[in-house]
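One structure is given here, and the rest of the page talks about it.
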Amino acid sequence: MVNVKLVHITKRFEDVTAADDVCLDISEGQFFTLLGPSGCGKTTILRIIAGFTRQDFGDVYFGNRIINDVPPHKRNTGLVFQTYALWPHMKVFDNVAFGLDFRDSMTKDEKRKRVNETLNLVGLEGLENRLPSQLSGGQQQRVALARSLVIEPQVLLLDEPLSNLDAKLRVQMRTEIKRIQKRLGITTIYVTHDQEEALSISDEIAIINMGAVQQIGAPRSIYEDPDNSFVAGFIGLANFLWGRILEVDESGLTATLTTKEGLEIITELDPDEIWEKGGDVIASVRPEAIVLHEYGSTPSPINRIDGSVRFTSYLGNRVRYEIKTAWGDTLRVDAYNPRHQYVFKEGERVSMSFDSRDVKLIRTE
Amino acid sequence: MSGKSIVGSFRKRGAIDWFSTVSYVSSMLLLLIFILAPILFVFVGVFRVDTGWGFDNFFRYWAIPSMRKGLWNALTAGALTTVFSSIIGLPIAYVMTRYRFPAFNLFKVLLTLPLIMPPFIGAFSIVVMLGRNGIITNLLRDILGFQLSQGFVSPSLMSVVIVQTIHLWPLIYLNTSASLSKIDPSLEESARNLGASGLKLFYRITLPLAIPGYIAGVFLTFIWSLSDIGSPIMLSFGKYAPSQAFWELVRVEGIVEFASVICVILTLISIILLILVNRFVSLKEYATVRVGAASSTIIKQARGWVAVGFYVLLLLVITISTLPHVGTFIIAFAELPKYGSWILQGLNLEGWTTVFGRAETQHLVINSIIYATLAGLIDVLLGALIGFILVRKKFVGKTFLDVMSIMPLAVPGVVIALGYLFFFSTRLPGTTFRLSSFWFILVIAYSMRRLPYSVRSSHAVLQQIHVSLEEAAQNLGASRMWTMLKVTIPLMYAGLIAGGTMSFLTAFTEVSTSLMVQPLHGPLGVHARPITLGIYSEIQRGAGGYAAAGALGVIQIVIAALCFYFVNRVVGETGELSIGVG
Numbered sequence: 000m001v002n003v004k005l006v007h008i009t010k011r012f013e014d015v016t017a018a019d020d021v022c023l024d025i026s027e028g029q030f031f032t033l034l035g036p037s038g039c040g041k042t043t044i045l046r047i048i049a050g051f052t053r054q055d056f057g058d059v060y061f062g063n064r065i066i067n068d069v070p071p072h073k074r075n076t077g078l079v080f081q082t083y084a085l086w087p088h089m090k091v092f093d094n095v096a097f098g099l100d101f102r103d104s105m106t107k108d109e110k111r112k113r114v115n116e117t118l119n120l121v122g123l124e125g126l127e128n129r130l131p132s133q134l135s136g137g138q139q140q141r142v143a144l145a146r147s148l149v150i151e152p153q154v155l156l157l158d159e160p161l162s163n164l165d166a167k168l169r170v171q172m173r174t175e176i177k178r179i180q181k182r183l184g185i186t187t188i189y190v191t192h193d194q195e196e197a198l199s200i201s202d203e204i205a206i207i208n209m210g211a212v213q214q215i216g217a218p219r220s221i222y223e224d225p226d227n228s229f230v231a232g233f234i235g236l237a238n239f240l241w242g243r244i245l246e247v248d249e250s251g252l253t254a255t256l257t258t259k260e261g262l263e264i265i266t267e268l269d270p271d272e273i274w275e276k277g278g279d280v281i282a283s284v285r286p287e288a289i290v291l292h293e294y295g296s297t298p299s300p301i302n303r304i305d306g307s308v309r310f311t312s313y314l315g316n317r318v319r320y321e322i323k324t325a326w327g328d329t330l331r332v333d334a335y336n337p338r339h340q341y342v343f344k345e346g347e348r349v350s351m352s353f354d355s356r357d358v359k360l361i362r363t364e
Numbered sequence: 000m001s002g003k004s005i006v007g008s009f010r011k012r013g014a015i016d017w018f019s020t021v022s023y024v025s026s027m028l029l030l031l032i033f034i035l036a037p038i039l040f041v042f043v044g045v046f047r048v049d050t051g052w053g054f055d056n057f058f059r060y061w062a063i064p065s066m067r068k069g070l071w072n073a074l075t076a077g078a079l080t081t082v083f084s085s086i087i088g089l090p091i092a093y094v095m096t097r098y099r100f101p102a103f104n105l106f107k108v109l110l111t112l113p114l115i116m117p118p119f120i121g122a123f124s125i126v127v128m129l130g131r132n133g134i135i136t137n138l139l140r141d142i143l144g145f146q147l148s149q150g151f152v153s154p155s156l157m158s159v160v161i162v163q164t165i166h167l168w169p170l171i172y173l174n175t176s177a178s179l180s181k182i183d184p185s186l187e188e189s190a191r192n193l194g195a196s197g198l199k200l201f202y203r204i205t206l207p208l209a210i211p212g213y214i215a216g217v218f219l220t221f222i223w224s225l226s227d228i229g230s231p232i233m234l235s236f237g238k239y240a241p242s243q244a245f246w247e248l249v250r251v252e253g254i255v256e257f258a259s260v261i262c263v264i265l266t267l268i269s270i271i272l273l274i275l276v277n278r279f280v281s282l283k284e285y286a287t288v289r290v291g292a293a294s295s296t297i298i299k300q301a302r303g304w305v306a307v308g309f310y311v312l313l314l315l316v317i318t319i320s321t322l323p324h325v326g327t328f329i330i331a332f333a334e335l336p337k338y339g340s341w342i343l344q345g346l347n348l349e350g351w352t353t354v355f356g357r358a359e360t361q362h363l364v365i366n367s368i369i370y371a372t373l374a375g376l377i378d379v380l381l382g383a384l385i386g387f388i389l390v391r392k393k394f395v396g397k398t399f400l401d402v403m404s405i406m407p408l409a410v411p412g413v414v415i416a417l418g419y420l421f422f423f424s425t426r427l428p429g430t431t432f433r434l435s436s437f438w439f440i441l442v443i444a445y446s447m448r449r450l451p452y453s454v455r456s457s458h459a460v461l462q463q464i465h466v467s468l469e470e471a472a473q474n475l476g477a478s479r480m481w482t483m484l485k486v487t488i489p490l491m492y493a494g495l496i497a498g499g500t501m502s503f504l505t506a507f508t509e510v511s512t513s514l515m516v517q518p519l520h521g522p523l524g525v526h527a528r529p530i531t532l533g534i535y536s537e538i539q540r541g542a543g544g545y546a547a548a549g550a551l552g553v554i555q556i557v558i559a560a561l562c563f564y565f566v567n568r569v570v571g572e573t574g575e576l577s578i579g580v581g
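Dropping the structure here:
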């Protein structure tokens with residue numbers, strides 16, 4: 000197990016920049032996730048770590064060692080492919096045992112023991128003699144995982160490993176992967192475009208867009224304190240209100256803004272950050288932070304927006320509303336646990352309110 | 000930081016690529032010497048005249064009416080054979096890819112039989128069966144009173160077309176079904192979902208999607224017909240360009256330059272055709288994104304009258320197109336009927352005693368087995384190597400290598416034969432040795448003629464092997480060499496074996512080079528003649544040689560059938576047996 004460091008990694012493919020000055024510091028035993036929309040370059044970064052793609056600039060460190068010139072087969076990483084890449088002509092056992100042929104000399108019995116242990120770990124005991132084509136998608140996934148784990152790699156690399164599974168299995172496998180990772184304490188780099196997956200299993204997440212790192216942080220800070228509008232919009236949903244800071248109070252903890260439309264918003268500020276009066280900002284409010292009221296019946300006139308319901312969709316655990324504001328924007332509002340609530344109808348006039356603590360300010364770039 | 004990395008990356012690239020560099024340079028050299036050079040030699044040679052260089056040879060050729068006629072006949076025959084082969088091949092391709100019925104697999108095997116028609120003796124036995132005094136002609140006359148004064152086949156252009164169609168229609172069938180069976184069912188299902196059905200569905204969706212395979216079949220049929228030496232000779236039909244080229248070479252007072260002129264013209268025609276074909280449909284298949292497993296919902300079980308109809312169609316086609324095989328067996332084993340009769344005169348094993356009694360004829364078989372085996376091995380190795388660097392590597396001259404490896408497909412066999420005859424009969428510098436007198440030249444000629452198929456098939460197989468399968472091996476610690484040995488080659492295995500066997504088979508029955516390039520000594524120290532040449536000269540001996548030619552033909556059929564069986568076993572249900580898929 001090692002820590003992995005990427006220093007100023009850049010990779011261009013013709014006219015696409017797949018990695019743009021990427022710096023990552025992944026500590027030993029961490030579950031680190033690269034999260035971004037498809038085509039953002041996250042897989043390229045993973046392939047650079049595995050050695051299949053050569054970066055144009057920058058260095059990759061395993062521990063204190065630069066491994067730029069180490070060929071893929073000498074890097075001792077365990078890469079789980081999106082398509083699993085199980086060899087169709089080999090049985091499960093031979094697929095898993097393959098990598099052991101290149102490790103320290105082991106007797107046949109030791110190999111068998113090690114393979115069986117790993118198969119037990121991923122819950123595949125008894126399937127050694129099957130061919131990959133005789134396995135279900137979930138089982139194939141486990142074989143791919145076992146094949147990468149059996150060599151006791153320094154780093155485990157997972158490239159969207161769950162994207163070919165159905166929704167239920169995906170949730171089950173991700174807890175499984177997390178459990179195995181915790182137990183082995185192995186440094187893991189996980190690539191996904193699924194934010195829920197990333198939030199649920201990662202110690203730390205790097206949000207990637209257009210080859211560049213947007214934000215690195217623990218799941219909670221990524222969701223609650225997005226650094227920019229891309230992160231706010233990509234992780235969960237966010238309603239954006241563009242405006243200017245009208246006033247910051249003496250304590251520096253509360254500010255008043257006016258939006259372009261002349262609406263006044265009061266927000267609490269993060270004590271670590273300093274905001275200047277007159278600065279252009281985006282106020283971001285999550286849909287679940289907004290409360291819907293009958294028109295005109297908000298408890299306080301602060302942070303109130305009026306509108307009419309454009310669209311209602313019932314999602315079981317919540318109702319998602321699209322509300323059209325007086326100035327024509329659409330805001331999204333989630334009302335959770337609708338069982339005992341009144342569900343507003345399309346066309347109905349409503350008022351929205353939100354707590355000043357739920358407004359997150361983002362500087363405009 | 001960055002400077003070091005860049006230098007490192009180049010060094011890395013250089014170090015890795017030596018394997019591909021060696022493969023690249025050696026295959027490039029081999030193809031230059033053994034494919035491009037002989038053909039160019041013919042092309043250059045045709046412009047050489049007494050006074051220097053010029054078009055004189057063309058003018059002299061064009062001035063002779065029978066030569067012009069021969070060229071015209073060859074083109075007409077090519078076109079007609081293609082049309083007739085399509086009429087038979089297309090419906091059968093559709094039936095065989097969209098329906099299942101009892102004895103389906105048996106029919107599948109029987110339908111490929113025509114392609115293993117032994118050269119010369121196959122065409123000759125059609126004459127024996129359907130000619131003016133043919134067994135079937137006489138039989139029909141006596142039983143049904145059906146009188147045909149000239150028989151079904153006679154020394155006419157139409158008969159050449161009939162013989163070629165009987166032989167070649169499976170090319171259309173096999174190539175079209177390869178395309179048809181690769182069509183993602185969801186493409187047809189979505190058309191159905193949008194309201195298309197029946198003929199509309201067929202013409203709007205199915206047929207266009209199958210066009211690449213069909214066109215490949217058309218092209219191969221046309222080229223094959225355009226280089227047919229055997230059928231016109233056996234039908235005694237003189238005015239046919241490829242056989243004219245052959246005659247001009249072997250006749251005592253033949254005009255060798257005419258052979259070159261014919262070859263150059265035939266090559267130009269095929270190249271123009273290839274360019275046209277490529278313009279309308281890239282032979283390299285339509286790119287279809289295929290997600291998930293293909294459902295087999297569009298394969299239907301044929302029942303009732305539909306099934307009866309299929310059986311009638313298939314049996315009729317199989318009966319007619321196995322006539323050459325049946326005829327060959329009759330010639331090999333039976334005393335042929337008296338003039339005007341259809342009753343066989345009993346068993347006659349004279350042919351077999353001739354073949355196995357004489358060392359000379361035994362060697363025909365042994366020679367051909369040695370040649371064809373070596374040619375098959377060369378094709379497997381070279382095909383895999385070229386396929387590998389074409390699919391997995393980027394290098395300068397890639398297109399050139401690709402085109403060269405495809406060339407023997409587009410160039411009529413008689414052209415390659417003539418090129419080999421001319422080019423390799425020049426003495427090696429500083430010696431008296433001619434490559435054309437060494438038997439191995441036949442092995443090389445055979446392997447080069449079949450190379451496009453083995454390159455294409457390993458190309459196709461490699462494209463199906465996702466790179467991640469190789470990367471996974473490297474990620475787990477396997478070197479490139481080891482990855483190749485443990486992952487790539489085992490996955491290619493079935494394709495390689497099938498390709499090698501098909502090379503063996505075509506080498507074993509090859510005509511043009513076998514006839515024209517005649518080395519002095521064979522691998523056993525005696526004559527170097529291959530089996531095809533043996534069949535030809537036995538038939539030329541007249542009635543006394545027919546039985547022996549028949550026996551040799553039976554040997555070819557049996558060995559070819561064994562090859563087919565073997566390939567089917569190896570490739571199994573997973574792969575389609577492809578004969579000449581572009």
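Chains as they are written, first to last, in numbering that gives the first Met the number 0: chain A, 0 to 364; chain B, 0 to 581.
No residue lacks a Cβ here, since even glycine has one placed at the ideal position from N, Cα and C.
Comparing C-alpha positions only, which one of the options sits nearest to residue i?
i: B/P529; options: B/R540, B/S511, B/P231; result: B/S511
i: A/R111; options: A/G122, A/F92, A/D103; result: A/F92
i: B/L167; options: B/S84, B/I464, B/F18; result: B/S84
i: A/G277; options: A/G77, A/T363, A/N2, A/E195; result: A/T363
i: B/G350; options: B/W341, B/I330, B/L343, B/I342; result: B/I330
Return helix, strand or coil for residue i, following the three-state DSSP convention.
i: A/S283; result: strand
i: A/S250; result: coil
i: B/V566; result: helix
i: B/L89; result: helix
i: B/Q344; result: coil
i: B/Q463; result: helix
i: A/M172; result: helix
i: B/V288; result: Model confidence at B/V288 stands at a pLDDT of 32, short of 50, so the residue's coordinates are unreliable; what they give is reported in the following sentence. In this structure, B/V288 counts as coil in the three-state DSSP scheme.
i: A/D100; result: helix
i: B/S4; result: The predicted model places B/S4 with a pLDDT of 35, which falls under 50 and marks its position as unreliable, so this point remains unresolved.
i: A/D58; result: strand
i: A/I263; result: The residue you asked about is not Ile; residue 263 of chain A is Glu in the sequence shown. Residue state, collapsed to three classes: strand.
i: A/L256; result: strand
In the DSSP output, which residue or residues are listed as bridge partners for residue i?
i: A/V21; result: A/I8
i: A/M351; result: A/L291, A/I304
i: A/R243; result: A/T257, A/D279
Name the chain C residues that come within less than 7 Å of residue i, Cβ to Cβ?
i: B/Q473; result: Given the protein chain composition of this structure (A and B), no chain C is represented.
For the beta strand (DSSP E) containing residue i, name the first residue and the last one.
i: A/F30; result: 30 to 34
i: A/Y189; result: 186 to 191
i: A/A205; result: 203 to 208
i: A/G136; result: First-last for A/G136: 136 to 148, but that is the alpha helix (DSSP H), not the beta strand (DSSP E).
Could you give the first and the last residue of the continuous alpha helix (DSSP H) run that contains residue i?
i: A/Q214; result: Where A/Q214 is concerned, there is no enclosing alpha helix (DSSP H), although the beta strand (DSSP E) it sits in stretches over 211 to 216.
i: B/D55; result: 55 to 61
i: B/A306; result: 303 to 320
i: A/V114; result: 107 to 120
i: B/L109; result: 103 to 109
Under 7 Å: does the beta carbon of residue i sit that close to some heavy atom of the ligand HEM?
i: B/Y370; result: Here there are no bound small molecules, and the ligand HEM is not part of this structure.
Contained beta strand (DSSP E) runs [length at least 3] in the segment 296 to 347 of chain A, N- to C-terminal order: 303 to 313, 317 to 324, 329 to 335
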